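Listed in order, the protein sequences are those of chains A and B.
In terms of the numbering used here, the first sequence opens at residue 1 and continues consecutively.
In terms of the numbering used here, the second sequence opens at residue 1001 and continues consecutively.
Note that CB positions come from ideal geometry on N, CA and C, so glycine has one too.
What you are looking at is a predicted structure, and each value in this text was computed from that prediction instead of being measured.
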Amino acid sequence: MSETDAIPEFKGRAGAGGDVGITNMSALTSGPGIKSVREVLAILLVAVIIIGGTELLLNIFQVPQYVLPKPSEIAVALVTEFPLIAPHLGHTLVELFAGFAIGATVGLILAGVITQFPFAEKIVTPYILLLVTTPMLALVPLLILRFGFGYEPRIIAVALAAGPMVMINAATGFRRVDAGKIALARSYGASTFQIFWKVRAPMALPMIFVGLMVGSIFGLLTAVGAEMVGGGFGLGNRLTSYSSMIQMPQFFAVVLILSILGILIYVTFFLLGKKFASWEA
Amino acid sequence: MTGENTDQPKLRVKNATKVYQTRSGDLLAIDRCSVDIRAGEIVSIVGPSGCGKTTLLWSMSGLHGLTAGEVLLGGKPVTGPNPEIGMVFQEANLLPWRNLDANINFPFEIKGTRPDRVWIDELLNRVGLEGFGGRFPRELSGGMQQRAALVRALSYKPSVLLMDEPFGALDAFTREEMNRLVEEIWLDTPTTIVLITHSIEEAIFLSDRIVVLSSRPGRVANIYDVNFPRPRSLEIMSTKEVFDLTNAIKREIVGKQQSRFAQPAAVQPAAE
Ligand SMILES: Nc1ncnc2c1ncn2[C@@H]1O[C@H](COP(=O)(O)OP(=O)(O)OP(=O)(O)O)[C@@H](O)[C@H]1O
Ligand SMILES: [Mg+2]
């Protein structure tokens, strides 16, 4: 054995280059992006047809409001009830942001650390999968018992739902080692720390955005679900209370707000991904 | 440099042997390769594909260790990447999330030094990449990427430059331009260059010596001296001497390839 034993061995194929893995970012950025005015008009036209058609059909068949409210009634409810719904929207957003911030931060850090240690990663991965696949909503009654009907159980549930999603995607990103790029950094004498920040992290960025998007959508679902389980505020609470009072237009107004929220989240990460990770798409 | 013994080679490869552990067993890539490279020399390594050229070069750069033998840089064992050494990889290896300028800044960011903009701009000019600083790698052709990689390696003026088929993706014409550029820079600044190439013409045009490796496991089959005056012109390439040398090297490579099955390897090479 020679003195050169100190040099760590590269597992990857020497000189094997190119980008490893599929272009994951395309899942996020190369979706059916809106391009021309004509397309926008077409989309709006479809919306008008669907909404107008629904209105018309509900009128023709005299469908009672408690079965399905007319779009016009939903619109009126949205406008008139909004001052009452707005504080609840605020509560939901607080839960979502707080829970997501905690979950995503922990998820990102864990992903970054764990992928540095392949052995630890192998051990931890099944448990992370367990966290990803377990619906965290199931824990909410337990959390309420422990933390009461305030923000805490909801924030915890959101963090538990979003964190593993962020982590598992980010870890996939960090694992996409390109031996050639890392060798390049090493040839300049890069430290492990520099390799992480200047090679691994940028390479993982597209997957991190995917994780953040999926995680935040899961967070929103969990927040609303948790609000439906218990506690006197939040959009989920509005859903249960409006439906128990058979106030269907108001109920659907809340549903509409939730879908707009979901779309906003998607668009935000879509744009962020386009700005910071478009090199891959 | 002043205190150094001039007889001592800049880069000394002693019995370099490398075994890769692969899923299908041990694979002997290079076997007891020895070569001494003097300071300021240009040495080419040629040999059949898969014979271990890259493996040998990576060992010189300290990017990976040897199973047996050693590499000495200025008399000291190479145990890891060395700031004195510049490396041009077999593929351009640009970072896709950085534009050309940011790619060229990369070594300086890692080393924590300031880039010499004047020098870099001159290099970019000379390889024909001026004005492309804002382009991303995917917007550059394969040949442009390779030239960018060359600029990146030359940008911080390493005293030893290891190049792994740096011009493989270039057309013959641009390739000759790049060869002349390398010779020019080499004449201006004292640099020790080791160059892997598949082009025997390129090897002859640039090198003081040419090392021929046998097919895997790579062994030093022969070392040829190339003694044409510098700066070299393309005219020499059509002389009988070059013609004979080219043929000798070709025969060496092809001959070794044919006898590969007759040579018992020390370690059973894995099936590919
Ligand atoms: N990291 C690795 N793990 C396992 N085997 C490897 C590794 N790197 C190279 N090899 C094997 O070692 C042998 C020599 O490879 P190397 O890349 O050094 O050849 P080369 O002479 O540079 O070839 P080419 O001219 O095609 O670039 C090949 O058979 C290759 O399959
Ligand atoms: Mg090679």
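Other residues of its chain near residue i: CB distance less than 7 angstroms, five sequence neighbours each side excluded
{"i": "N1179(B)", "result": "E1202, F1205, L1206"}
{"i": "R1038(B)", "result": "P1009, K1010"}
{"i": "G21(A)", "result": "Bear in mind that a pLDDT of 35 at G21(A), under 50, signals an unreliable position, so the number given afterwards is only what the model happens to contain. R176, listed in sequence order."}
{"i": "V158(A)", "result": "E95, L96, G99, F100, G103, G219, T222, A223"}
{"i": "M165(A)", "result": "V132, G211, V214, G215, F218"}
{"i": "V51(A)", "result": "Here the sequence assigns Ile to residue 51(A), which means Val is not the residue at that position. Taken in chain order, the residues that qualify are P71."}
Cutoff 6 angstroms; reference residue i; Cβ partners in own chain excluding five residues on either side
{"i": "N169(A)", "result": "M207, V210, G211"}
{"i": "M1087(B)", "result": "S1061, L1162"}
{"i": "K1014(B)", "result": "S1034, G1069, E1070"}
{"i": "Q250(A)", "result": "A77, E81, Y242"}
{"i": "T1055(B)", "result": "K1018, A1029, I1030"}
{"i": "S1059(B)", "result": "A1016, L1066, V1071"}
{"i": "I156(A)", "result": "L143"}
{"i": "G1134(B)", "result": "N1099"}
{"i": "F1132(B)", "result": "L1100"}
Spatial distance of residue i from residue j (CA atoms)
{"i": "K70(A)", "j": "F149(A)", "result": "34 angstroms"}
{"i": "Q1145(B)", "j": "A1092(B)", "result": "6 angstroms"}
{"i": "S36(A)", "j": "I43(A)", "result": "11 angstroms"}
{"i": "P1096(B)", "j": "L1129(B)", "result": "17 angstroms"}
{"i": "R1175(B)", "j": "R1152(B)", "result": "17 angstroms"}
{"i": "A171(A)", "j": "S1233(B)", "result": "54 angstroms"}
{"i": "A98(A)", "j": "F1108(B)", "result": "39 angstroms"}
{"i": "G236(A)", "j": "I182(A)", "result": "47 angstroms"}
{"i": "I109(A)", "j": "L1072(B)", "result": "40 angstroms"}
{"i": "Q1021(B)", "j": "L1027(B)", "result": "6 angstroms"}
{"i": "I57(A)", "j": "E73(A)", "result": "What sits at residue 57(A) in the sequence shown is Leu, not Ile. Cα to Cα, the separation comes out at about 14 angstroms."}
{"i": "E227(A)", "j": "H91(A)", "result": "10 angstroms"}
{"i": "F100(A)", "j": "E152(A)", "result": "13 angstroms"}
{"i": "N1103(B)", "j": "L1124(B)", "result": "13 angstroms"}
{"i": "I1196(B)", "j": "G1168(B)", "result": "10 angstroms"}
{"i": "D1116(B)", "j": "Y1156(B)", "result": "8 angstroms"}
{"i": "D1007(B)", "j": "G112(A)", "result": "49 angstroms"}
{"i": "P1158(B)", "j": "I263(A)", "result": "52 angstroms"}
{"i": "E55(A)", "j": "L256(A)", "result": "16 angstroms"}
{"i": "R1138(B)", "j": "I265(A)", "result": "29 angstroms"}
{"i": "A47(A)", "j": "K274(A)", "result": "27 angstroms"}
{"i": "M240(A)", "j": "L160(A)", "result": "Before going further, note that residue 240(A) is Thr rather than Met in the sequence given. Approximately 23 angstroms between the Cα atoms of the pair."}
{"i": "L68(A)", "j": "L258(A)", "result": "18 angstroms"}
{"i": "S1215(B)", "j": "F1136(B)", "result": "37 angstroms"}
Under 7 angstroms by beta carbon: chain B residues contacting residue i
{"i": "Q194(A)", "result": "I1110"}
{"i": "A190(A)", "result": "I1110"}
Within chain B, partners of residue i - CB distance below 9 angstroms
{"i": "A170(A)", "result": "Chain B residues near A170(A): none, gap ~16 angstroms exceeds 9 angstroms."}
{"i": "P87(A)", "result": "Here the premise fails: no neighbours, minimum Cβ distance about 42 angstroms."}
{"i": "P64(A)", "result": "Simply none; closest approach about 57 angstroms."}
For residue i: DSSP bridge partner residues
{"i": "I1042(B)", "result": "I1193(B)"}
{"i": "N1125(B)", "result": "In the DSSP output, where bridge partners are listed per residue, N1125(B) has none listed."}
{"i": "D1244(B)", "result": "Answer is none; D1244(B) lacks a bridge partner."}
{"i": "R1012(B)", "result": "D1036(B), L1072(B)"}
{"i": "Y1224(B)", "result": "I1210(B)"}
{"i": "K1018(B)", "result": "I1030(B)"}
{"i": "P1077(B)", "result": "L1072(B)"}
{"i": "G1025(B)", "result": "T1022(B)"}
{"i": "L314(A)", "result": "Because chain A is modelled from 1 through 281, residue 314(A) falls outside the range shown and cannot be assessed."}
{"i": "I1085(B)", "result": "V1160(B)"}
Partner residues on chain A for residue i, Cβ-Cβ distance less than 7 angstroms
{"i": "N1093(B)", "result": "G17, G180, K181, L184"}
{"i": "F1281(B)", "result": "This structure does not reach residue 1281(B), given that chain B is present from 1001 up to 1272, and the question cannot be answered."}
{"i": "S1044(B)", "result": "None at all; the shortest Cβ gap to chain A is about 18 angstroms."}
{"i": "L1028(B)", "result": "Going along chain A, no residue has its Cβ under 7 angstroms from L1028(B), so there is no contact; the nearest lies around 14 angstroms."}
Other residues of its chain near residue i: CB distance less than 8 angstroms, five sequence neighbours each side excluded
{"i": "E1041(B)", "result": "K1010, T1192, I1193, D1208, R1209"}
{"i": "A1149(B)", "result": "V1088, F1089, A1092, N1093, L1094, P1166"}
{"i": "K1252(B)", "result": "The amino acid occupying residue 1252(B) in the given sequence is Glu; Lys does not appear at that position. Within the same chain, E1252(B) has close Cβ partners V1212, A1221, N1222."}
{"i": "I195(A)", "result": "I182, A185, R186"}
{"i": "P205(A)", "result": "Strictly speaking, residue 205(A) in this sequence is Leu, with Pro absent from that position. Excluding positions up to five away in sequence, the list reads G173, F276, A277."}
{"i": "A1270(B)", "result": "Only weak support is given to the placement of A1270(B): the predicted model assigns it a pLDDT of 49, under 50, and the question is left unresolved by the model."}
{"i": "Q65(A)", "result": "E73, M248, P249"}
{"i": "G1218(B)", "result": "A1029, I1030, D1031, C1033, G1047, C1051, G1052, K1053, T1055, L1056"}
Closer than 8 angstroms at the beta carbon, the chain B residues around residue i
{"i": "W197(A)", "result": "What W197(A) touches in chain B: nothing, since even the nearest Cβ is about 10 angstroms away."}
Ligand 3 heavy atom lying under 6 angstroms from the CB of residue i
{"i": "L1027(B)", "result": "Ligand 3 is not part of this structure, which contains only ligand 1 and ligand 2."}
Within chain A, partners of residue i - CB distance below 8 angstroms
{"i": "P1107(B)", "result": "Y188"}
{"i": "R1138(B)", "result": "W279"}
Partner residues on chain A for residue i, Cβ-Cβ distance less than 9 angstroms
{"i": "L1100(B)", "result": "Correct list: empty, because the minimum Cβ distance to chain A is about 13 angstroms."}
key: Members of the region 1073 to 1090 of chain B that neighbour chain A once the beta carbon cut-off is set at 9 angstroms   = P1077, V1078, T1079, G1080, P1081, N1082, P1083, I1085, G1086, M1087, F1089, Q1090
task = Would you list, in chain order, the members of the region 197 to 212 of chain A that have their beta-carbon closer than 8 angstroms to a beta-carbon of chain B?
result = K198, V199, P202, M203, L205
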